[in-house]
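Please read the structure below before turning to the comments.
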Amino acid sequence: MRTEPITTPISLALASMFLFGAGFVLTQFRLRWMPPWLGVAISIPTSTLLFWCLAPFFVDPSAGNSKAVILFPCVGLLFPGTVARLNFESNRLMGPNIAGALSSMTPVFAVLLAIVILGERIRGPQLLALAAIVVGTSLMYRGHANLSACSLWLLALPVTSSAIRGLIQPIIKLGFEW
Numbered sequence: 074m075r076t077e078p079i080t081t082p083i084s085l086a087l088a089s090m091f092l093f094g095a096g097f098v099l100t101q102f103r104l105r106w107m108p109p110w111l112g113v114a115i116s117i118p119t120s121t122l123l124f125w126c127l128a129p130f131f132v133d134p135s136a137g138n139s140k141a142v143i144l145f146p147c148v149g150l151l152f153p154g155t156v157a158r159l160n161f162e163s164n165r166l167m168g169p170n171i172a173g174a175l176s177s178m179t180p181v182f183a184v185l186l187a188i189v190i191l192g193e194r195i196r197g198p199q200l201l202a203l204a205a206i207v208v209g210t211s212l213m214y215r216g217h218a219n220l221s222a223c224s225l226w227l228l229a230l231p232v233t234s235s236a237i238r239g240l241i242q243p244i245i246k247l248g249f250e251w
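FYI, in my numbering the residues of the sequence shown are 74 to 251.
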């Protein structure tokens, strides 16, 4: 049974969406002075340090499950490092508007994997929203890029980033259930 109001998850999702988009724009400024790999080498350890500093306040080690303790470091091998590298490189090559839009395909991958891995059901409005994401992203990309072999390769960077993030979300939920 849900104890928090429905607005809390929606507010968190909207805040996450805003911060993710702001991150793409701010990254573009940072990429003017350093290569993407160096940006990742700075941002990931900084995030790690922040989480380690917050852990004593939010983590109860006695409530841990050994499967989850193994799962989360495995997730950490792909996310956030690989995703950040792909995001930074696609941002550098395509700019924040196109790279950010293509990276917004994460919900499509997350929902599909949640159906397969967690047995979740999708309702009509959710299916319509996913279709809107795919169509809107396709139109945005199509309007700004010539679909040459080079641009199709560029397309793979943010879409792979989205796929990894989409894969990680159901797996993290599984870890939280453990």
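No residue lacks a Cβ here, since even glycine has one placed at the ideal position from N, Cα and C.
Review point. By the 10 Å Cβ neighbour count, where 16 or more other Cβ atoms means buried, how is Q207 classified, buried or exposed?
Key: Sequence inspection shows Val at residue 207; the Gln mentioned does not correspond to that position. Residue environment analysis places V207 among the exposed positions, since fewer than 16 neighbouring C-beta atoms fall within 10 angstroms of its C-beta.
Check your understanding: Candidates P146, A174, Q242, F131: which alpha carbon is nearest A205's?
Key -> Ranking the options by Cα distance to A205, first place goes to A174.
Check your understanding: Could you give the distance in angstroms between the alpha-carbon of E149 and the alpha-carbon of I237?
Key -> One detail in the question is off: residue 149 reads as Gly in this sequence, not Glu. When rounded, the distance between both Cα atoms is 11 Å.
Practice item. Measure the C-alpha to C-alpha separation of C147 and P82 and round it to an integer number of angstroms. Key: The alpha-carbon atoms of C147 and P82 are separated by roughly 26 Å.
Exercise for review: Assign E193 to one of three DSSP states: helix, strand, or coil.
Suggested key: Three-state result, E193: coil.
Review point. If you pair each beta-carbon of the segment 158–169 with each one of the segment 108–126, do three or more pairs fall below 8 Å?
Key: They touch, by the three-pair rule.
Point to revise | Distance, P153 Cα to P129 Cα | key: When the Cα atoms are used, P129 and P153 turn out to be separated by approximately 21 Å.
**Study point:** Cα-Cα separation between Q101 and G94, rounded to whole angstroms
**Key:** Spanning the two alpha carbons is a distance of roughly 11 Å.
Exercise for review: Would you tell me roughly how many angstroms separate the C-alpha atoms of V232 and M178, rounded to the nearest one?
Suggested key: C-alpha separation (whole angstroms): 7 Å.
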